[in-house]
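Peer 1: Under full-length UniProt numbering, the first residue of the sequence shown carries the number 1, and numbering increases by one thereafter.
Positions of the beta carbon are idealized from the N, C-alpha and C atoms, including for glycine.
Starting off with a structure, shown below.
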Amino acid sequence: MGLVTSSLHLAEEETSALTQSRSGGGTAFSPLREGGGAGWQATTPSLPRLSAFPSGSVRVSAACARGSTKLGSCRRPVLGRSRPAQPSHQRPPQATKWPSVPEVTPICRSARPPPIRRRSRRARALIGGSGRRSVGKGGEKAREKAALGGADKMAAAEREAEAKGRECPKEEARRRLRELDVADKFSRLPLPKASVLLPLVVRAGRLCLLLTLRAPQLRRSPGEVCFPGGKSEENDKDEIDTALREAKEEVGLPPEKVEVICRLVPGIDKMNYLVTPVVGFIEDTFQATPNPDEVSDVFVMPLEYFIRPLNYMALPYKTSSGYLTWMHCFTYHDHERNKSFKIWGLTAHFAVFLALVVFRTKPTFEVDYDLDNLILSAESKFMNLYASVNEKKKSNL
Numbered sequence: 001m002g003l004v005t006s007s008l009h010l011a012e013e014e015t016s017a018l019t020q021s022r023s024g025g026g027t028a029f030s031p032l033r034e035g036g037g038a039g040w041q042a043t044t045p046s047l048p049r050l051s052a053f054p055s056g057s058v059r060v061s062a063a064c065a066r067g068s069t070k071l072g073s074c075r076r077p078v079l080g081r082s083r084p085a086q087p088s089h090q091r092p093p094q095a096t097k098w099p100s101v102p103e104v105t106p107i108c109r110s111a112r113p114p115p116i117r118r119r120s121r122r123a124r125a126l127i128g129g130s131g132r133r134s135v136g137k138g139g140e141k142a143r144e145k146a147a148l149g150g151a152d153k154m155a156a157a158e159r160e161a162e163a164k165g166r167e168c169p170k171e172e173a174r175r176r177l178r179e180l181d182v183a184d185k186f187s188r189l190p191l192p193k194a195s196v197l198l199p200l201v202v203r204a205g206r207l208c209l210l211l212t213l214r215a216p217q218l219r220r221s222p223g224e225v226c227f228p229g230g231k232s233e234e235n236d237k238d239e240i241d242t243a244l245r246e247a248k249e250e251v252g253l254p255p256e257k258v259e260v261i262c263r264l265v266p267g268i269d270k271m272n273y274l275v276t277p278v279v280g281f282i283e284d285t286f287q288a289t290p291n292p293d294e295v296s297d298v299f300v301m302p303l304e305y306f307i308r309p310l311n312y313m314a315l316p317y318k319t320s321s322g323y324l325t326w327m328h329c330f331t332y333h334d335h336e337r338n339k340s341f342k343i344w345g346l347t348a349h350f351a352v353f354l355a356l357v358v359f360r361t362k363p364t365f366e367v368d369y370d371l372d373n374l375i376l377s378a379e380s381k382f383m384n385l386y387a388s389v390n391e392k393k394k395s396n397l
């Protein structure tokens, strides 16, 4: 028993010596006691195991010494000092292994940079012919020259567009008006005849309408806006001759300078005259010479104003035959001459229908036409008016 106790004391001393030897960083160790006892040398950093035999000797597991991991394997019993198991609180700390984080890939459709947008031709012309900004006085002059050149090109393009605009609206309007030409369909109705000319002119690429202001000394409708026209005479062949003759008498418009397009659905005025509107184009160079006995003023206004007016009102109107309808009333301000004109009655009625035929667009106010079938709705409306006039005549008889 004493031998076992002394062997254990020797093992403790050797363990402390081995601990100091490991502080140098090596993994091999040897007995430090001089003489006596058999020592051993470890080839791995694993700690040997101690066990006591009944005979009082101490067995040291040599499994680690020869690199084997099998428990209890040893070459031979070794007596002497051996290294005990190191306490857990004295073991060196081990590096913490954190869980791997998956790599985050940014969401992008393409890893390539966005393409560089080239300047437009107009932008390159404004800053220089080559597209690079000029530097210095020479560059400034080149830039100014290029800018002037670009402005000239823009002005030329605007003039070309204006020239095209003068032709396109005219051609389209001519085609649409001819589709609704009623010719002499209503010429045989037993009513006194009259005609008016609706002169269309293209100015600055826009369709405009020429109107007159009646002289204040006239007995019928003095000072009111109307179209050139009047009663039919015996020498007139048809409604077109009447309209052209009256236009020449009132504003000095030669008949040969008028391109007659069509006759639209007529109307009936408050004197029960059958008034036929005749549509024609005139040149924009025409200079009116109003007859002071009949006309006090002549002006031109955009045709589009009769579907998109700035000043408009609708008034309930009852004809002499008792037919109830709505009367359009427009107020147009001529900014060039600083004058305002009021267009209403049968003149406004013809102007609105003409604008609907040409533009085929719904106006900003209510109209009693079927816009999908203008000609049928206009003829139906006129025949209702004519029927009321006939009934009035029969009742008077």
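Give the DSSP bridge partners of residue 388, in chain order.
Peer 2: Numbered from 1 along the sequence shown, position 388 holds the residue referred to as residue 388. Its beta-bridge partners do not exist; DSSP assigns none.
Peer 1: State the start and end residues of the unbroken beta strand (DSSP E) segment that holds residue 351.
Peer 2: By one-based count along the sequence shown, residue 351 stands at place 351. Unbroken run through residue 351 is the alpha helix (DSSP H), 345-359; no beta strand (DSSP E).
Peer 1: Could you give the distance in angstroms between the alpha-carbon of residue 104 and the alpha-carbon of residue 364?
Peer 2: For the purposes of this step, residue 104 is identified with residue 104 of the sequence shown, where counting begins at 1. For the purposes of this step, residue 364 is identified with residue 364 of the sequence shown, where counting begins at 1. Low confidence applies to residue 104: its pLDDT is 48, below 50, so where it sits in the model is not reliable, and the reading given next is rough at best. Cα to Cα, the separation comes out at about 60 Å.
Peer 1: Quick one: give me the first and last residue of the beta strand (DSSP E) that residue 314 is part of.
Peer 2: Here residue 314 is taken as the residue at index 314 of the sequence shown, counted from 1. It spans 312-318 - the beta strand (DSSP E) in which residue 314 sits, taken as one unbroken run.
Peer 1: Quick check on residue 192: buried or exposed, where buried means 16 or more other Cβ atoms within 10 Å of its Cβ?
Peer 2: In the sequence shown, counting from the first residue as 1, residue 192 sits at position 192. Its Cβ having fewer than 16 others within 10 Å, residue 192 is exposed.
Peer 1: For residue 281, which residues from the same chain have a beta carbon less than 6 Å from its beta carbon, with the 5 sequence-adjacent residues on both sides left out?
Peer 2: Within the sequence shown, numbered from 1, the residue matching residue 281 stands at position 281. 200, 259.
Peer 1: Please go through the UniProt domain "Nudix hydrolase" (191-325) and give each complete alpha helix (DSSP H) segment of 4 or more residues, from N-terminal end onward.
Peer 2: Listed in chain order, the complete alpha helix (DSSP H) runs (minimum 4 residues) inside the UniProt domain "Nudix hydrolase" (191-325) are 239-251.
Peer 1: Can you check DSSP and say which residues form a bridge with residue 339?
Peer 2: As a position in the sequence shown, residue 339 is number 339, starting the count at 1. Bridge partners of residue 339: 334.
Peer 1: Distance, Cα to Cα, residue 315 vs residue 368?
Peer 2: Residue 315 sits at position 315 when you count from the first residue of the sequence shown. Residue 368 sits at position 368 when you count from the first residue of the sequence shown. The straight-line gap from Cα to Cα measures roughly 13 Å.
Peer 1: With distances taken Cα to Cα, identify the nearest neighbour of residue 211 among 224, 308, 203.
Peer 2: Counting from 1 along the sequence shown, the entry for residue 211 is found at position 211. With distances taken between Cα atoms, residue 211 lies closest to 224.
Peer 1: Compute the beta-carbon to beta-carbon distance between residue 214 and residue 296, rounded to the nearest angstrom, for a pair I have assumed lies under 8 Å.
Peer 2: Within the sequence shown, the letter at position 214 stands for residue 214. Within the sequence shown, the letter at position 296 stands for residue 296. With a Cβ gap of about 7 Å, residue 214 and residue 296 count as contacting.
Peer 1: Would you check if the region 290-309 and the region 322-339 touch, i.e. whether three or more CB-CB distances between them fall below 8 Å?
Peer 2: With a cut-off of 8 Å, the region 290-309 and the region 322-339 count as touching, because enough Cβ pairs lie within range.
Peer 1: Relative to the alpha-carbon of residue 181, which residue among 198, 307, 263, 340 has its alpha-carbon at the smallest distance?
Peer 2: For the purposes of this step, residue 181 is taken as the residue at position 181 of the sequence shown. Answer by Cα proximity: 263.
Peer 1: Could you tell me which residues DSSP pairs with residue 327 in its beta bridges?
Peer 2: Residue numbering aside, residue 327 sits at position 327 when the sequence shown is read from its first letter. Per DSSP, 315.
Peer 1: Quick check: the region 246-256 against the region 274-292, are at least 3 beta-carbon pairs closer than 8 Å?
Peer 2: With the cut-off at 8 Å, the region 274-292 and the region 246-256 touch.
Peer 1: In three-state terms, what does DSSP make of residue 377?
Peer 2: Counted from its first residue, the sequence shown places residue 377 at position 377. DSSP places residue 377 in helix when its eight states are reduced to three.
Peer 1: Measure from the alpha carbon of residue 188 to the alpha carbon of each residue in 276, 217, 178, then state which is nearest.
Peer 2: Counting from 1 along the sequence shown, the entry for residue 188 is found at position 188. Measuring from the Cα of residue 188, the nearest candidate turns out to be 276.
Peer 1: Excluding the five sequence neighbours on either side, which residues of its own chain have a C-beta within less than 8 Å of the C-beta of residue 338, listed in chain order?
Peer 2: As a position in the sequence shown, residue 338 is number 338, starting the count at 1. Cβ within range, chain order: n/a, list empty.
Peer 1: Restricting to Cα atoms, I'd like to know which of 185, 230, 219 is closest to residue 198.
Peer 2: The count along the sequence shown starts at 1 and reaches residue 198 at position 198. When only C-alpha atoms are compared, the closest one is 230.
Peer 1: Given a threshold of 16 other Cβ atoms within 10 Å of its Cβ, counted over all protein chains shown, does residue 324 qualify as buried or as exposed?
Peer 2: The residue you call residue 324 lines up with position 324 of the sequence shown. It counts as exposed.
Peer 1: How is residue 393 classed by DSSP in three states: helix, strand or coil?
Peer 2: Within the sequence shown, residue 393 is the residue found at index 393, counting from 1. Residue 393: helix per DSSP, three-state reduction.
Peer 1: In terms of alpha-carbon separation, which member of 346, 270, 326, 208 lies closest to residue 283?
Peer 2: Walking along the sequence shown from the start, residue 283 turns up at place 283. The shortest Cα separation from residue 283 among 346, 270, 326, 208 belongs to 208.
Peer 1: Between the beta-carbon of residue 278 and the beta-carbon of residue 239, is there less than 8 Å?
Peer 2: The residue you call residue 278 lines up with position 278 of the sequence shown. The residue you call residue 239 lines up with position 239 of the sequence shown. Yes, these two residues count as a Cβ contact at 8 Å.
Peer 1: Out of 317, 310, 358, which has the shortest C-alpha to C-alpha gap to residue 340?
Peer 2: For the purposes of this step, residue 340 is taken as the residue at position 340 of the sequence shown. Closest by alpha carbon: 310.
Peer 1: Mapping the DSSP letters down to three states, classify residue 183 as helix, strand or coil.
Peer 2: Locating residue 183 in the sequence shown gives position 183, counting from the first residue. Three-state result, residue 183: coil.
Peer 1: Since I believe residue 232 is in contact with residue 195 (beta carbons under 8 Å), could you give me their beta-carbon distance rounded to a whole number of angstroms?
Peer 2: Locating residue 195 in the sequence shown gives position 195, counting from the first residue. Locating residue 232 in the sequence shown gives position 232, counting from the first residue. About 7 Å separates the two Cβ atoms, so the contact holds.
Peer 1: Is the beta carbon of residue 378 closer than 8 Å to that of residue 359?
Peer 2: Taking the first residue of the sequence shown as position 1, residue 359 is located at position 359. Taking the first residue of the sequence shown as position 1, residue 378 is located at position 378. Their beta carbons are not under 8 Å apart, which means residue 359 does not touch residue 378 by this criterion.
Peer 1: Sorted by chain position, which residues of the same chain lie with C-beta nearer than 7 Å to residue 345's C-beta, five sequence neighbours on each side aside?
Peer 2: Within the sequence shown, numbered from 1, the residue matching residue 345 stands at position 345. Taken in chain order, the residues that qualify are 327.
Peer 1: Have a look at residue 395 and residue 386 and give me their C-alpha separation to the nearest angstrom.
Peer 2: The sequence position of residue 395 within the sequence shown is 395, counting from 1. The sequence position of residue 386 within the sequence shown is 386, counting from 1. Whole-angstrom Cα-Cα distance: 14 Å.
Peer 1: What is the rounded straight-line gap between the Cα of residue 317 and the Cα of residue 348?
Peer 2: Residue numbering aside, residue 317 sits at position 317 when the sequence shown is read from its first letter. Residue numbering aside, residue 348 sits at position 348 when the sequence shown is read from its first letter. Rounded to whole angstroms, residue 317 to residue 348 spans 13 Å at the Cα level.
Peer 1: Could you tell me if residue 383 is buried or exposed, where buried requires 16 or more neighbouring beta carbons within 10 angstroms of its beta carbon?
Peer 2: Here residue 383 refers to the residue found at position 383 of the sequence shown. The residue is exposed, with fewer than 16 neighbouring Cβ atoms inside 10 Å.
Peer 1: Can you tell me which of the three DSSP states residue 188 falls into?
Peer 2: Locating residue 188 in the sequence shown gives position 188, where the first residue counts as 1. Here residue 188 sits in coil by DSSP.
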